[in-house]
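First to last, the protein sequences are chains A and B. Quick note on numbering: the first sequence equals residues 0 to 539 in numbering that gives the first Met the number 0. Quick note on numbering: the second sequence equals residues 0 to 539 in numbering that gives the first Met the number 0. Below: one structure, written as structure tokens.
Protein chains: 2
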Amino acid sequence: MNRKGLEILMRSRIRSAAEAGKLPVNFHWKELEKKQRSDHCEPFGMAGDEDAAASECSESKAKRVRDFMHEAIHMKKKEIVDATLGEFLQGYISLAGDNRHELLVTLARDYSVNRNQVRELIQQYLGLEISEGMLEHQSEVDEGGILSAVYRTERNLRQALKPLYEILFERLNTYPGGLKFLSILRADLLNLIEEVNLPSLRALDSYLKEKLVTWLSPAVLELHRITWDDSASLLEKIVAYEAVHPINNLQDLKRRLGVGRRCFGYLHPAIPCEPLIFIEVALLKDVAHTIQEVLWDEPPILENDATCALFYSISSTQPGLSGINLGKFLIKRVIELVRRDMPCVLTFATLSPIPGYIQWLLSKLASQLKLAELDSEDKRVSSEDMTARTFRENLLYPEEEQEILASCAENPTGNSAVEVMLCLLRSRNPEWVKSDRLLAALQAPLMRLCSRYLVREKKRGKALDAVANFHLQNGAMIHRLNWMADRSEKGFHQSGGIMVNYLYRPGEIEENAQLYFNSGHIQASPDIQRYLELDTHSRI
Amino acid sequence: MNRKGLEILMRSRIRSAAEAGKLPVNFHWKELEKKQRSDHCEPFGMAGDEDAAASECSESKAKRVRDFMHEAIHMKKKEIVDATLGEFLQGYISLAGDNRHELLVTLARDYSVNRNQVRELIQQYLGLEISEGMLEHQSEVDEGGILSAVYRTERNLRQALKPLYEILFERLNTYPGGLKFLSILRADLLNLIEEVNLPSLRALDSYLKEKLVTWLSPAVLELHRITWDDSASLLEKIVAYEAVHPINNLQDLKRRLGVGRRCFGYLHPAIPCEPLIFIEVALLKDVAHTIQEVLWDEPPILENDATCALFYSISSTQPGLSGINLGKFLIKRVIELVRRDMPCVLTFATLSPIPGYIQWLLSKLASQLKLAELDSEDKRVSSEDMTARTFRENLLYPEEEQEILASCAENPTGNSAVEVMLCLLRSRNPEWVKSDRLLAALQAPLMRLCSRYLVREKKRGKALDAVANFHLQNGAMIHRLNWMADRSEKGFHQSGGIMVNYLYRPGEIEENAQLYFNSGHIQASPDIQRYLELDTHSRI
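Structure representation (structure tokens):
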């Protein structure tokens, strides 16, 4: 990186992970947007009352953008669409959120399938007299051209069933900057769907997602090793989008790209200088227990001594590509590459957060507390209570309960161990992490229940935890739970400081993925199995 | 290029353009093929009679490949398809032509659209009671879920209308080497269709072509400047595929990549080291009149003195991508790039062959001769003859006729000038090019008729000449005809040595393309217009 690049990076604001997760951060686009919003009003603006002018401006601008969209779809194949596409693209970016949303609703509703044409073609198709034999024993002579008609009508029907917005997407895809624009458009669309869940918007989203999957085929993505020699504009994106362990300063970034570390990104030829997803890797002697070792402990080992490649962070940069699993291919290709370049590295593991654990545990504790209250306060036994009672379980072993109550005897926060735990975990400033005794008391139940959360809690047959589901569907297994592995505020808040190692065993990846896909089966190490057994006993 | 690469290149056979045009030349693939054919027989071979074993081998091998194909299509989404795809791909390459053809027929016929499913979904779709108002005024409440059902059924029907082989194509596209394989498969398919033109094969081809167009979107193609520093494996491809002006030796190649010259290729990330198409450019002071100046005249001018970029050769390397116009995007991007890097270059022109001219002229001369004979030999005037007579025209001016007859008076090859011309142009060893007098006599009519061929001879509203149609649809205009511009055997054979300059005027490209697309209008320079006027007079 040259001096100028360095300066830019040093002045650039370091975004928090939470922000980076939400926003389609792209400085170039952001600037364009700002410019558009100020510049482009003018030609539509009116003299006189400024507010009225601004409102008029916004309305007529929205209309103009809509007109460009219409043109971009309806122009004949070889006409000059590029200029129109450019106008539409710039116009859209200059629109405020509400106007974008309106436009998306219009696109979804008015540029969908041509249903009259579909019905006409269906009638044609049903009118074709095809016999089975005709299709099975095609002779070289197609008598009456009936076979040709079948294939032709099928093709036409397939074509007619494509929504009109397909044309806009296809044209944008070949237009410079168009692919990036489509990812912004989809991010807007996903936000809109959260507000108004219309069938037409869902159909638009599903169609656009399908197209994006095709265009982002791993066959066209370039695996790029990101180093300190890359441009500031690229490194800036790494800082901005790192969603797992925020990069705090330049030294931190440099270290993640230096000796004993690797960072790989997937680049699409049409979106240069902006990895769609990137992964950070530490080369270690053993599978790390804590993120502390990886991020801050000095110095890194000699690369030749490494036997383990630890994936400690994976972040995607495009909210508009949500639901498109590029990480799977990225991890596979990085494993291949490291195996080829460093044959001594035999272990491929992650050190991963468990983002949903504490939230799940809190609701679990709360509902048990409620059931317990029902039981004790009101002795009338209604049929409802009976049902409720069947859901009661002992989340804690008696000795765990005693330990917890004893460890905060001087400053009790509840009547029962469950209440104490609920209260401790719920507090914004987790005091318990500063008390060795409380930590000791909570370790056993938190680790045990975490194994249950990861392996047994499912949603539609898949692991409830999003990160777990990601690695399991990629073919990893659950290897080890690590106590006090992430002592950051976020770490305590999400998972009580616990982190998990997922293990990618090159020979078993496909088989694991298949088992998980077919039956939801989760591969877990003997360590994890022991926790699960303890958990089963606690419930009896 | 390093010493080893140079050695490889020097020993590699220099292929003729004709060969390169026909064959899917790829050394890596060719080797694999050879290896497969010898190795892979073994596991299926039988002891005893070698011929029987060979035949058995070929049959059972074909069956195995078919089984792999079936598996590759029918495996569940996340199962281990990669191994199967690899087996299918290697197996297919090892098959002989006939077996490949059989397999393609099977693929086209047995893995097409699931027609039962389509009919079922059509019935479902027709059963949905949609009112117009419902679709136009979608409220946020979708009563009875009818709108959701419409979008869902349309999506399912669209999905069902996709042939089963779509799955194979999609899977191959993400498999290493799969895209290149699909281009080989399509080349085989195109050959097969020339033999047996089945509707199912045409449908397969049209579907595969559509997929290839998507995957080869210009958005993912990398414009690469090819230089002497590129790898031998890449330069070898340039030598092998150069289809316009064969590269005769290393010096020739080096010159085309050196000072005053440019060579650009389009690379796809999934097919590294093999440009899909490449273009050769000479930087000149003026638009060149002859290929001699470009290829052999020494020395090249200083690049800073150049004002014209001359495209003198464009070759595609993949017969399987036939009909997919990558050249258009390549030319546009090269123009952009040269304009940016060399602002003094203001003229963008080609020096192009006219591959179909002499063939067209010969048939024209022959039919005129026939009509003339009918006229003179048989004086009975049937209605057929009357019709024939309306097609008679004077291809030559009287003075041209005299000139031609006079210039070969000593050694006449026919009774009329038309017959003489026919005979001269038809001969394998064109003697006329060695006689200054014959050359002088033929120049006027050959140039005049060439303008007619290029501008006025159309097929379905487009220029009959393939190269002309290519440049015109890209937005070029016809600038100048050049006499004795290509004195190679091929040059005389194709176009009587005439070459044409097409001109790409950056500001007019889109407009020209649009005019040509809409009405078949061909932009031609005043020079060309004069020839056309002369030609119109000759016919009166």
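Note that the Cβ used here is the ideal one computed from N, Cα and C, for glycine as well. Here the structure is a predicted model, which is why all the values come from computation and not from measurement.
Between the alpha carbons of Leu211 (chain B) and Glu58 (chain A) lies a gap of roughly 41 Å. Buried is the label assigned to Gln493 (chain A), since at least 16 other Cβ atoms lie within 10 Å of its Cβ. In this structure, DSSP gives Arg529 (chain A) a helical state, which the three-state scheme calls helix. Among the residues facing chain A, Ala71 (chain B) is not included, as its CB has no counterpart in that chain under 8 Å away. Proximity of Val112 (chain B) to chain A, defined by a Cβ-Cβ separation below 8 Å, is satisfied. The beta-bridge partner set that DSSP reports for Ser312 (chain B) consists of B:Glu279. Pairwise C-beta distances place the region 411-424 of chain B in contact with the region 351-362 of chain B, as three or more of them are shorter than 8 Å. Rounded to whole angstroms, the separation of the alpha carbons of Phe347 (chain A) and Glu279 (chain A) is 13 Å. Gly474 (chain B) and Tyr265 (chain A) have their C-alpha atoms spaced approximately 36 Å apart.
Cβ atoms of Tyr501 (chain B) and His470 (chain B) come within 8 Å of each other, at about 4 Å. Nearest C-alpha to Thr316 (chain B) among B:Glu221, B:Ala242, B:Leu249, B:Ile246: B:Ala242. As DSSP reads the structure, Ser351 (chain A) sits in a beta bridge with A:Val499. A distance below 8 Å separates the beta carbons of Gly496 (chain B) and Met483 (chain B). In this structure, Gly259 (chain A) keeps its C-beta atom at 8 Å or more from the C-beta atom of Ile225 (chain A).
Secondary structure of Thr306 (chain A) (DSSP, three-state): coil. Of all residues in the region 436-469 of chain B, none places a beta-carbon less than 7 Å from a beta-carbon of chain A. Annotated three-state conformation of Lys284 (chain A) is coil, per DSSP. At a beta-carbon threshold of 8 Å, the residues of chain A lying near Ile121 (chain B) are Ile121, Tyr124, Leu125, ordered along the chain. With respect to chain A, the C-beta atom of Thr412 (chain B) has no partner C-beta closer than 8 Å. Ser182 (chain B) is outside the set of residues whose beta carbon lies under 8 Å from a beta carbon in chain A. Per DSSP, reduced to three states, the secondary structure at Tyr265 (chain A) is strand. The beta-carbon of Tyr356 (chain B) is placed no less than 8 Å from the nearest beta-carbon of chain A.
Within the region 182-264 of chain B, the runs of beta strand (DSSP E) at least 3 residues long that lie entirely inside it are, in chain order, 221-224.
Assignment of beta-bridge partners to Arg479 (chain B) by DSSP yields B:Asn500. Within a 10 Å sphere around the beta-carbon of Thr535 (chain B) sit fewer than 16 other beta-carbons, which makes this residue exposed. Counting along the chain, Asn511 (chain B) sits inside the alpha helix (DSSP H) bounded by residues 508-518.
Between the C-alpha atoms of Phe491 (chain B) and Asp485 (chain B) there is a straight-line separation of about 7 Å. Below 8 Å, enough C-beta pairs join the region 80-92 of chain A and the region 155-174 of chain A to call them touching: three or more. In the structure shown, Ala523 (chain B) falls within a strand segment according to DSSP collapsed to helix, strand and coil.
Taking 4 residues as the shortest admissible run, the region 418-457 of chain B contains the following complete alpha helix (DSSP H) segments, listed from N- to C-terminal end: 435-455. At a cut-off of 8 Å, the C-beta of Ser147 (chain A) has a neighbouring C-beta in chain B. For Gly490 (chain A), the enclosing alpha helix (DSSP H) stretches over residues 488-494. Residues of the same chain with a CB within less than 6 Å of the CB of Leu103 (chain B), apart from the 5 flanking positions on each side, are Leu188, Leu191 in chain order. Proximity of chain B to Asn172 (chain A) at the Cβ level (cut-off 7 Å) is accounted for by Ser216, Ala218, in chain order. By the neighbour-count definition (other C-beta atoms within 10 Å, threshold 16), Lys236 (chain B) is a buried residue. Straight-line spacing of the CA atoms in Ala416 (chain A) and Glu392 (chain A) works out to 14 Å.
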